[in-house]
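Structure first, commentary second.
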Amino acid sequence: MSAQEPQGPGEFVPPPPPAPPASAVPPVQAAAPAPYGAPAPAPGYPPQGSQTPAYPAPGYPAPGYPAAGYPGAGYATPGYPGPGYPAAVPPRGLLPWVLGFLILLPIPFFGGLASGIAMAVSGGSSWRVGGPARENARSALNWGLTYLMVSTLLLVMHFVLLFVLTAEAPSSDFYPLGIPITIYFALSIVHLVLVIMGTVRTTSGKVIRVPFAIPFVRA
Numbered sequence: 000m001s002a003q004e005p006q007g008p009g010e011f012v013p014p015p016p017p018a019p020p021a022s023a024v025p026p027v028q029a030a031a032p033a034p035y036g037a038p039a040p041a042p043g044y045p046p047q048g049s050q051t052p053a054y055p056a057p058g059y060p061a062p063g064y065p066a067a068g069y070p071g072a073g074y075a076t077p078g079y080p081g082p083g084y085p086a087a088v089p090p091r092g093l094l095p096w097v098l099g100f101l102i103l104l105p106i107p108f109f110g111g112l113a114s115g116i117a118m119a120v121s122g123g124s125s126w127r128v129g130g131p132a133r134e135n136a137r138s139a140l141n142w143g144l145t146y147l148m149v150s151t152l153l154l155v156m157h158f159v160l161l162f163v164l165t166a167e168a169p170s171s172d173f174y175p176l177g178i179p180i181t182i183y184f185a186l187s188i189v190h191l192v193l194v195i196m197g198t199v200r201t202t203s204g205k206v207i208r209v210p211f212a213i214p215f216v217r218a
């Protein structure tokens, strides 16, 4: 017998059970499928296109604010000067006088001649510089040429006297044969003293003049 057919008298038919209430949870919208070739998002990370809150990474200051304890960009650290370079030292004409120490070479007569030549050549090349270097180089040039010329003349005189005075018989006396050599050694001592003085004065930036030098080059 179907439920549609009428029942006989005295038979009780129970009502049908009520329908379950509708759920209050909205239906979940399925995520749009990823485009072809795009990698699937990793679990635990939001899919591409979603925006995350703009919070700074832990351990780093927010953009626009310097970190605590460190000066901001563009500001020098107080108490420490910035990197720099020492000021350039102007030319002083020191090299010609330093080359005068070649007289100390342990070679007889050669050290003195080499010293005079080196001072004259170096002084001539440094003489074109202005300032105190020009005057110091000019003094070294004039004294180097003076010492070279006088010492060469004394050595020539010594060998001439040696040849003349010992041509017939050897001479046992030092004088007059040793007069040129004595003057040469005295002149070499004066030369060494002038070289020391010139080196000291030019190192301190002062000017040295040798008034008794032959003025081959004038100021």
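Going by numbering that gives the first Met the number 0, the residue at position 16 of the sequence shown is 15; the numbering climbs one at a time, nothing skipped. In this text, a Cβ means the ideal position worked out from N, Cα and C, and glycines have one as well.
By Cβ distance below 7 Å, which residues in the same chain neighbour residue i in space, the five residues on each side in sequence not counted?
i	result
LEU147	LEU112, GLY115, ILE116, ALA119
LEU193	TRP142, VAL209
GLY204	ARG91, PRO131
Would you kindly report the start and end of the unbroken alpha helix (DSSP H) that includes residue i?
i	result
LEU94	94-97
THR202	178-202
ILE116	109-125
GLU134	131-164
Keeping to the same chain, check which residues put their C-beta closer than 8 Å to that of residue i; ignore five residues upstream and five downstream.
i	result
LEU186	TYR146, VAL149, SER150, LEU153
PHE109	none
Please list, in chain order, all residues of the same chain as residue i whose beta carbon is under 6 Å from its beta carbon, the five residues on each side excluded.
i	result
GLY123	LEU140
ALA180	A small correction: the amino acid at residue 180 is Ile; Ala does not occupy that position in the sequence shown. Contacts found: HIS157.
LEU144	ALA119, PHE215
THR201	ARG91, GLY92, LEU93, TRP96, ASN135
ALA212	ASN141, TRP142, THR145
Give a yes or no on whether 7 Å exceeds the smallest Cβ distance from residue i to chain C.
i	result
THR181	In the structure shown, chain C does not exist; there is a single protein chain.
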